[in-house]
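Worksheet for the structure shown next.
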């Protein structure tokens, strides 16, 4: 039913109870909507979204002004054909939705800390379900940032098991981290040798090309600030603690322009990006990008020859430069354009055609024979974003580099741009068409939307919004301080521009009189950060009744009200005033947005949606001669059916965009947090129809578009509404009953369409929940068992012995230590030792049935060590003769996975390998007595790993009893990575 508030309790169930909701819809308990049965309407939406969309022109060229139709058409279930941006990604066949992540878009219901906006797992089981901190390492001491980046060795496993490897690099250091037996990463600084120590700006693992290489053998290529490439070669096989050594420099690029680090140090740009890809004719090649704006290609060639001592050369050989691509930025004529600095490269691993390059100006280039910019970015931090008052897909950004850009949200690209020549910090669109008069007063040279930008030295420039042609340039701030924010007066208002300045003043300009300075609002004690205009206020008995009021706040949190025509402070209570916009972070209506323990600067931007806000009709005010009668209130056109209820978004220093209910008057108010930015978020704005939210970042220079569902009011932009009302006034006559009837008819149509739209948006929320739930169920049905790490062995004293050491499973050792106190007086060794026999290792044993060639010449091993070795090798009740069958059975029951002999591949340990097992090789005995041995890598062993960790091969005498397992220090324990 139209206007009926339906039951949305199902949307609050986590996870979404799909079957019971469907049963409630069929049974009639969920109610009927204006589109019929709720379940049938949701299915119609889903069915239409899965149909192919055939367009005769690009999507961004389609007509979007639905409000021009008569009557305005509202979307109905099944009318919007084609992929829906709200859930199309969730239906991708390669995307799996886990049970615990199915409701990720509703973070506030999943133990979210309201103060911080992200999940803090409690138990160990919860921790494993979400991204979490596994290990932390000391990088490099010094003034941050010392570490510029990390790079994984993709030629080796990257699961965190033994042999996994990555490198960190930065100011005058390169550090390599290799996982040891326990899965802990051990960091070892690389050696510059006799070469000059300098900053490492980039790193890349490349496969070794020497003749005697093994699978997984790799080297490191690094880029230096001098423009050279460095080759780092480790000892082979590479174990934890291995030292990479710089063995050679390659001249690759010029040093490039100077850049300033955080600590003020100036260094050359050097080589900032490296990439690896396959060549069409076979082999691999390296791509290097430098501060000189060039990308060069270097083929990898086989390395042969020997060192002076006769040992073979190891590492790799870079061939001569095969190609060069130069990136040239088109100039604007206002300044000398420098070569872009290549800071990122991305190429297809097996194709040698075009590739992508990112520059320090945040531009993304597609590089081939004719390099070109595919995405234009910002050269510096962003401070402000402004939404066009009428176009729902247009917004503009101001950059500290002086570039002004107008964006098309549908194309996600720049529509037009201009270089102002000075650092920008504020930007604003006019809310209505404004004239620009020529100097001779002969008429208006331009009548349309204005776009104003401000600078960090008090500059103010106004231009046409359609062509970015400058109209006015002023600089009225005598102290040359920044103007961080500006706001135009509302539709039907006094046509003024308010500019908040860092000199603690607010400057008021006549926007319809070529921006003449009207007055200054003086009274703040610090930088004025935000200003907002009101709708006509109700202050009976005062000179401000029915007039527009300006409110402003400063960095100290002071909130003041002004008469914009005189610049005087107002002593009246404005708590019940209706505001055209709300972007202030302080005030009664937003007192709940601040997190606990905030210092008052954490929230950088605020913006309120239009839903729940009254609409001022100036024609109704003139006809009724009443400001109150001109305000259109409706609880049915507000959120949750509450008059005045709406939504507000905030941007903060924690890289988070938050959505609150409005007004936010409760302390610690609930919210939904959305992450994406890599740095603090400087500004956030709703676009004209509230269906999109745009946020801009500071240091990350990024623009993020957020699609809303259930937030927009469904009304057209305000300028479009005012044009329709003006047409009614023209048809019916000024202030007549006929024009009033026409206006009432228009308002009825708009509100009807608005309620139908919001009902449809509610159904889309249900459709999204259905998609997520179906995807979750399908993902669970097709889930595969995850690989498990085998039981870790530790080299420790055998429980119950006095001086015997050996590889003991950690769980067995803990069990023995726990039961040792209860069994003190009993025998400390032997196969029947209660402390050892009770624990069975989780690791998969891999045993060889080959008898020991030494027999029992060395004598029987001590009972404690024999028990430990037997428990670590064979399950209780099995002998060496059936060890292989027992190993297969145990592995199949525990579903353990081990790395195979091929680097980067995995095979279940429960599946018998087709490669034959190698017999263990034994060495002579030590002077202290006891048999010493080493076990080389078996055919089905772990590729490139030492079998010392697994004790995979059993060593037995002729009687089937295990020999002593003490390993001398000088014995070779097998190959490792």
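Residue numbers (this note's numbering): 469 to 1445. We put the CB at the ideal spot given by N, CA and C, even for glycine.
| query | What are the complete alpha helix (DSSP H) segments, minimum 4 residues, inside the region 1206-1284? | reply | none
| query | How many angstroms separate the CA atom of residue 1038 from the CA atom of residue 725? | reply | 54 Å
| task | Give the straight-line distance between the Cα atoms of residue 739 and residue 723, rounded to the nearest whole angstrom. | result | 8 Å
| query | Once you ignore the five residues that flank residue 1148 on each side, which residues in its own chain have a CB closer than 6 Å to its CB? | reply | 1121 and 1166
| query | My guess is that residue 1462 and residue 1192 are in contact by the Cβ rule of under 8 Å, so how many angstroms apart are they, rounded? | reply | The question about residue 1462 has no answer, for the chain in this structure spans 469 to 1445.
| message | Beta-carbon within less than 8 Å of residue 1345's beta-carbon, same chain only, minus the 5 sequence neighbours each way: which residues are those? | response | Note that residue 1345 scores 38 on pLDDT, short of 50, meaning its location in the model is unreliable; the coordinates nonetheless yield the value given after this. Excluding residues within five positions, none has a Cβ falling inside 8 Å.
| task | With a 10 Å radius around its C-beta and 16 neighbouring C-beta atoms as the bar for buried, classify residue 941 as buried or exposed. | result | exposed
| field | Own chain partners of residue 548 with C-beta closer than 8 Å, once the 5 adjacent residues on each side are dropped | value | 513, 516 and 517
| request: Kindly list the residues whose CB is nearer than 7 Å to the CB of residue 1024, restricted to its own chain and excluding five residues on each side of it in sequence; keep chain order. | output: 993 and 994
| request: Measuring alpha carbon to alpha carbon, tell me which of 1269, 759 and 728 ends up nearest residue 721. | output: 759
| Taking the alpha helix (DSSP H) that residue 1193 falls in, what are its first and last residues? | 1186-1200
| Ends of the alpha helix (DSSP H) at residue 487? | 486-495
| said: Any heavy atom of the ligand NAD inside 6 Å of the beta-carbon of residue 494? | reply: Within the structure as shown, the ligand NAD is missing, as the structure has no ligands at all.
| Counted within 10 angstroms of its Cβ, other Cβ atoms place residue 1008 as buried (16 or more) or exposed | exposed
| request: Mind checking which residues open and close the beta strand (DSSP E) that includes residue 559? | output: Where residue 559 is concerned, there is no enclosing beta strand (DSSP E), given that its DSSP letter is neither H nor E.
| request: State yes or no: is the C-beta of residue 813 within less than 7 Å of the C-beta of residue 751? | output: no
| Looking at residue 988 and residue 977, is the spacing between their C-beta atoms short of 7 Å? | no
| query | Using DSSP with H/G/I as helix, E/B as strand and the rest coil, what is residue 620? | reply | strand
| query | What separation, rounded to the nearest whole angstrom, lies between the Cα atoms of residue 866 and residue 510? | reply | 41 Å
| field | Uninterrupted beta strand (DSSP E) stretches inside the region 904-936 (no shorter than 3 residues) | value | 912-916, 918-923 and 928-932
| query | What's the call for residue 1447, buried or exposed, on a 16-neighbour Cβ count within 10 Å? | reply | Outside the modelled stretch of the chain, which goes from 469 to 1445, sits residue 1447, for which no answer is possible.
| task | State the start and end residues of the unbroken beta strand (DSSP E) segment that holds residue 649. | result | First-last for residue 649: undefined, no H or E at that position.
| query | Among the residues of its own chain, which have a CB less than 7 Å from the CB of residue 504, if the five just before and after it don't count? | reply | none
| message | Contact defined as beta carbons within less than 8 Å: I believe residue 768 pairs with residue 815. What is the distance between those atoms, to the nearest angstrom? | response | Rounded, the Cβ-Cβ distance is 14 Å, inconsistent with contact.
| So is residue 1030 buried or exposed if we call it buried at 16+ other beta carbons inside 10 Å? | buried
| message | Quick check on residue 1046: does DSSP put it in helix, strand or coil? | response | coil
| field | residue 1174 (DSSP reduced to helix, strand or coil) | value | strand
| field | Cβ pair count under 8 Å reaching 3, the region 1179-1187 against the region 1150-1158 | value | yes
| For residue 949, which of helix, strand or coil comes out of DSSP? | coil
| query | Bridge partners of residue 1099, per DSSP? | reply | 1084
| For the beta strand (DSSP E) that contains residue 881, what are its first and last residues? | 881-887
| field | Identified DSSP bridge partners for residue 752 | value | 746
| message | Within the continuous beta strand (DSSP E) that includes residue 674, where are the two ends? | response | 668-675
| query | In angstroms, rounded to a whole number, what distance separates the CA positions of residue 823 and residue 919? | reply | 37 Å
| said: Can you look up residue 965 in the DSSP assignment and give me helix, strand or coil? | reply: strand
| said: Pairs of beta-carbons, one from the region 855-862 and one from the region 822-839, closer than 8 Å: are there three or more? | reply: no
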